[in-house]
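This report concerns only the one structure given below.
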């Protein structure tokens with residue numbers, strides 16, 4: 068006798084496949100810690116770098132030979148997390164915000180449509196606060212990644228949609 072009826076297993080698989088966490092970004096242990104720190108930084112700077120680990124690991128002031136850049140990257144973050152912490156961008160009153168992310172959305176199986184919608188909402192909110200958004204395309208993963216071909220196809224497809232969004236809304240893409 069089967070332990071679980073096949074129809075129950077199918078129903079569970081369907082529910083899991085269609086389920087999206089509304090707070091998936093909060094499951095990232097870095098998120099709460101970093102946002103708490105970001106909320107205390109009140110220094111005004113001209114440029115904010117918003118993103119995930121690729122963003123967070125860079126000393127942008129040193130790399131770009133400037134002293135007016137704030138790093139708001141959080142390792143393993145997704146675009147939903149970016150959207151949830153917009154106050155951490157506004158509190159520094161920047162003129163420009165570079166948006167660099169989406170690879171973790173792809174890696175976590177978040178629908179492309181959700182990623183594009185999140186980036187669109189982020190850019191709209193920035194514009195509403197007189198902050199110029201500049202969107203970076205999603206970076207490809209290296210060949211050493213086990214699913215690099217599949218992930219890079221999704222990266223390419225999402226980047227095409229990002230370019231379409233930027234053309235339609237007249238956002239700058241870098």
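Residue numbers (the numbering used here): 68 to 241.
We treat Cβ as the ideally placed atom computed from N, Cα and C, and that holds for glycine.
Taking 7 Å as the cut-off, the Cβ atoms of residue 161 and residue 208 do not count as close. Separation of residue 187 and residue 142 (C-alpha to C-alpha, rounded to the nearest whole angstrom) is 21 Å.
The alpha carbon of residue 98 has as its nearest neighbour, out of 119, 107 and 110, the alpha carbon of 119.
The C-alpha of residue 101 is placed about 26 Å away from the C-alpha of residue 241.
In this structure residue 202 is not in contact with residue 155, their Cβ atoms being roughly 18 Å apart against a cut-off of 8 Å. Counting along the chain, the unbroken alpha helix (DSSP H) around residue 129 starts and ends at 127-130. According to the DSSP assignment, residue 165 belongs to the beta strand (DSSP E) that extends over 163-167. Assigned with DSSP and collapsed to three states, residue 117 falls in strand. For residue 172, same chain residues with a beta-carbon under 6 Å away, outside a window of 5 residues either side, are 145, 146 and 182 in chain order. Beta bridge pairing from DSSP links residue 239 with 201. Within the model, the alpha-carbon separation for residue 200 versus residue 176 is close to 25 Å.
The alpha carbon of residue 196 has as its nearest neighbour, out of 134, 153, 139 and 223, the alpha carbon of 153.
Residues 208 of the same chain have their beta carbon placed closer than 6 Å to that of residue 215, with the five preceding and five following residues left out of the count.
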